[in-house]
Amino acid sequence: MKYTIVDQSTCIACGACSVHAPDLFDYNDEGLAFTIRDNNTGTAPIPANLEEDAIDAEQACPSLSIKIADHPFHGNPLQYDS
């Protein structure tokens, strides 16, 4: 299983994530991206049929705000950064 979250502190609201993975990402009232399935906590697994879309969104994000990991983020997008 894979999990995803948006680091809203670096999101530039470019729209790339929702173009590549519209079933996973949307925008809040401030225009910042968030994960739809878990309200950007990074705790809901990405459905297997959407994993490729999530990876495409991560690779397309110019601010590197989309994070993907094998474990839940529990609200912390920097949890697995080294």
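Be aware that the sequence shown starts at 7, since it is given in the working numbering, and climbs by one per residue.
Built from N, CA and C at the ideal position, the CB exists for glycine as well.
Small disclaimer: the values here were computed from a predicted structure and weren't measured.
| Asked | Found |
| --- | --- |
| Three-state secondary structure assigned by DSSP to A54 | helix |
| Terminal residues of the beta strand (DSSP E) in which A75 lies | I72 to A75 |
| Local Cβ density within 10 Å of G48, reported as buried at 16 or more and exposed below that | buried |
| Whole-Å CB distance - Y9 paired with P51, under 8 angstroms assumed | 6 angstroms |
| Opposing strand residues paired with A63 [DSSP bridges] | Looking at the DSSP assignment, A63 forms no beta bridge with any residue, so it has no partner. |
| Rounded distance between the beta-carbons of A66 and A22, thought under 8 angstroms | 4 angstroms |
| L38 vs C17 beta-carbon contact at 8 angstroms | yes |
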